[in-house]
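Q: Below you will find the structure I want to go over with you.
Number of protein chains: 2
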Amino acid sequence: MEHDVTSGTPATRPALTRGRIVRAAIGLIEREGAGALSMRRVAAELGVAVMSLYNHVPNKAALLEGVAEHVVAGMELEDDPSRSFADRARVLVRAFRTVAHEYPRCMTIVLTHEIDSPAGLRPAERALALADAAGFDGETSVRIMRALLAYALGAQLRETGAVRMLDHLAAAPADSYGRLDPDEFPHVIALAPQLARHDPETDFEFGLDLLIRALDALPRAASRPLDEDPGTAQG
Amino acid sequence: MEHDVTSGTPATRPALTRGRIVRAAIGLIEREGAGALSMRRVAAELGVAVMSLYNHVPNKAALLEGVAEHVVAGMELEDDPSRSFADRARVLVRAFRTVAHEYPRCMTIVLTHEIDSPAGLRPAERALALADAAGFDGETSVRIMRALLAYALGAQLRETGAVRMLDHLAAAPADSYGRLDPDEFPHVIALAPQLARHDPETDFEFGLDLLIRALDALPRAASRPLDEDPGTAQG
DNA sequence: ACCTGAACACCGTTCAAGT
DNA sequence: ACCTGAACACCGTTCAAGT
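First to last, the sequence lines map onto chains A and B. Its first residue numbered 1, the first sequence is counted upward by one per residue in UniProt numbering. Its first residue numbered 1, the second sequence is counted upward by one per residue in UniProt numbering.
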């Protein structure tokens with residue numbers, strides 16, 4: 001019901017918004033890489049002057065935090081309380097991995113920026129809830145959450161290619177290995193075929209299994225739900 | 001034995017060198033943070049024109065790789081073959097942690113750049129050697145190395161503060177928790193004291209112990225040294 | 001309240017010129 | 001072979017002006 005909408009041109013553009021800006025940034029990163037992200041490029045993407053962005057985002061750092069937050073908020077945190085602690089923990093850590101596959105080129109930003117919103121706390125809450133329900137005390141629950149988080153982050157860092165350090169030479173043909181001193185790198189050379197093989201899924205699950213099996217073997221009190229109040233109904 | 005050295009002034013400056021450039025960059029990063037690093041600042045640091053740097057380093061990305069390489073090359077890889085696999089693996093992973101403490105503000109760069117030199121392969125060689133000596137097959141040895149690497153990277157990422165995501169709100173005073181919905185974050189709120197406590201060393205060792213204990217429990221062939229040649233003397 | 005252009009103080013890097 | 005200044009095409013962000 002606005003005047004001047006009769007023409008076939010793009011017409012009234014949706015209002016500029018923090019959300020639109022963040023999504024434009026994410027799109028740009030996924031399309032052209034994190035290096036291509038600039039306030040000016042994002043503004044151009046939205047058909048708007050650079051300085052307009054600053055009405056919704058205080059600066060570039062905040063925009064990057066917005067990107068990280070949006071990606072993490074996209075984690076699908078389904079949970080089946082009837083399953084074992086090990087299974088539930090596995091599902092939780094895999095949720096991070098799934099979102100990482102969805103936004104591969106945003107991952108470096110996600111991994112290197114703090115997230116100041118409750119969205120970032122949701123996975124932590126879930127991990128703590130699992131550990132608590134499994135009978136671990138508070139201090140141990142926090143440590144379990146941090147260990148799982150560390151592995152999830154590190155595995156992603158290794159796979160993203162941002163860091164293929166220490167074993168990425170393996171991807172090169174045998175030629176490269178000819179340059180390596182066989183006295184210094186006998187195992188790297190001997191295991192070149194295995195190092196060259198890229199099966200990130202299996203690699204990821206191997207380490208996750210190690211962690212979770214060790215967690216399962218940890219001493220703990222009997223399983224119990226969070227202090228439940230019989231007088232309270234739950235949805 | 002050069003002329004013109006009689007004055008007290010700095011006299012003949014040491015030749016510009018890739019090594020000197022990299023070390024200047026590292027110093028700058030540790031002093032002022034990774035954000036302060038620029039080719040121009042590094043040049044100023046060395047009392048040299050910006051473009052002089054390009055005679056020794058092709059571009060900024062290469063300089064960052066040089067920084068990562070130099071830091072990782074600083075890992076002290078001592079090893080005692082008479083100790084158990086678990087002990088030796090622990091020592092190896094801790095070596096990365098030690099270097100991370102030495103160059104805290106360089107860590108984000110180390111974690112996000114590939115390392116193209118043999119220096120970056122040395123820790124991998126060591127890890128593979130340990131796993132091999134412990135009787136794991138080649139494929140498993142590679143996976144073990146990757147799992148340990150993922151944990152080392154991730155734990156560092158979590159601690160560096162580059163990513164305190166998911167639990168960093170805990171560091172804020174109780175005030176912040178007042179803002180959190182108690183229905184959505186019961187465990188985060190209940191465990192606020194434990195989350196606020198920062199004991200990175202214990203956190204790190206907790207997760208490392210989980211991994212290594214699980215590795216120790218893995219089935220493997222009997223321990224054996226790398227194909228040793230009785231005819232060869234060793235230093 | 002939101003948008004904008006011009007301007008400022010920076011970037012990395014190319015090029016042509018020097019020794 | 002190494003150094004250098006000037007210049008180019010970018011940055012993020014401040015400011016003052018518009019609506």
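Virtual Cβ for every residue (Gly too), placed ideally from N, Cα, C. As the structure is a computational prediction, the values presented were derived from the model and not from experiment.
#1: Quick one: grab the DSSP three-state call for B/I144.
#2: Going by C-alpha distance, which of A/S141, A/P193, A/T160 is nearest B/F206?
#3: Per the contact definition of three or more C-beta pairs closer than 8 Å, is the segment 125-144 of chain A in contact with the segment 120-138 of chain B?
#4: At least one CB of chain B closer than 8 Å to the CB of A/E30: is that the case?
#5: Using the rule of at least 16 other Cβ atoms within 10 Å of the residue's Cβ for burial, across every protein chain shown, is A/S70 buried or exposed?
#6: Contact between the segment 65-84 of chain A and the segment 100-115 of chain A is defined here as three or more beta-carbon pairs at a separation below 8 Å; is this criterion met?
#7: Who are the near neighbours of B/L28 in its chain, counting only those whose CB is closer than 8 Å to its CB and skipping five residues on each side?
#8: Could you check whether the segment 49-58 of chain A touches the segment 17-24 of chain A, counting it as contact only if at least three pairs of C-beta atoms, one from each stretch, sit closer than 8 Å?
#9: Can you check whether the C-beta of A/P104 is within less than 8 Å of a C-beta belonging to chain B?
#10: Please classify A/D183: is it buried, with 16 or more other beta-carbons within 10 angstroms of its beta-carbon, or exposed?
#11: Grouping DSSP H, G and I as helix and E and B as strand, with all else coil, what is A/M39?
#12: Thinking C-beta only, is B/V50 closer than 8 Å to B/M39?
#13: So, at 7 Å on beta carbons, what are the nonlocal neighbours of A/G120 in its own chain, with the 5 sequence-adjacent residues on each side left out?
#14: Output the distance between the C-alpha atoms of B/R94 and A/E32, rounded to the nearest integer angstrom.
#15: Check A/F204 in the structure and name its three-state DSSP category.
#16: Closer than 8 Å, CB to CB, is A/P118 near chain B or not?
#17: Taking the Cβ atom as the reference point for each residue, do B/L92 and B/P118 lie within a distance shorter than 8 Å?
#18: Note down, in chain order, every chain B residue with its Cβ under 7 Å from the Cβ of A/V142.
#19: Entirely within the segment 81-126 of chain B and at least 4 residues each: give me those alpha helix (DSSP H) ranges in chain order.
#20: Would you mind working out which of A/L53, A/D116, A/E30 sits nearest A/A100, comparing C-alpha positions?
#21: For A/A25, which residues in the same chain have their Cβ closer than 7 Å to its Cβ, ignoring the five residues on either side in sequence?
#22: For the segment 70-97 of chain A, enumerate the residues whose C-beta is nearer than 9 Å to any C-beta of chain B, in chain order.
#23: What does B/D132 reach in chain A if we use C-beta pairs closer than 7 Å?
#24: Is B/L210 closer than 8 Å to A/L157 when the C-beta atoms are compared?
A: Let me lay it out:
#1: Correct three-state label for B/I144: helix.
#2: A/S141
#3: no
#4: Chain B contact via Cβ: absent.
#5: Looking at the sequence shown, residue 70 of chain A is not Ser but His. Its Cβ being crowded by 16 or more others within 10 Å, A/H70 is buried.
#6: yes
#7: These residues qualify, in order along the chain: A36, L37, R41, V42, E45.
#8: yes
#9: no
#10: exposed
#11: helix
#12: Yes, the pair counts as a contact, with Cβ atoms nearer than the cut-off.
#13: E69, V72
#14: 37 Å
#15: Here A/F204 sits in helix by DSSP.
#16: When Cβ-Cβ separations below 8 Å define contact, A/P118 makes contact with chain B.
#17: no
#18: L191, Q194, L195
#19: 85-102, 107-111
#20: A/E30
#21: Shown here for A/A25: same chain residues with a beta carbon closer than 7 Å to its own, the five before and five after excluded, namely L37, V42, L63, V67 in chain order.
#22: V72
#23: Neighbours of B/D132 on chain A, chain order: H187.
#24: no
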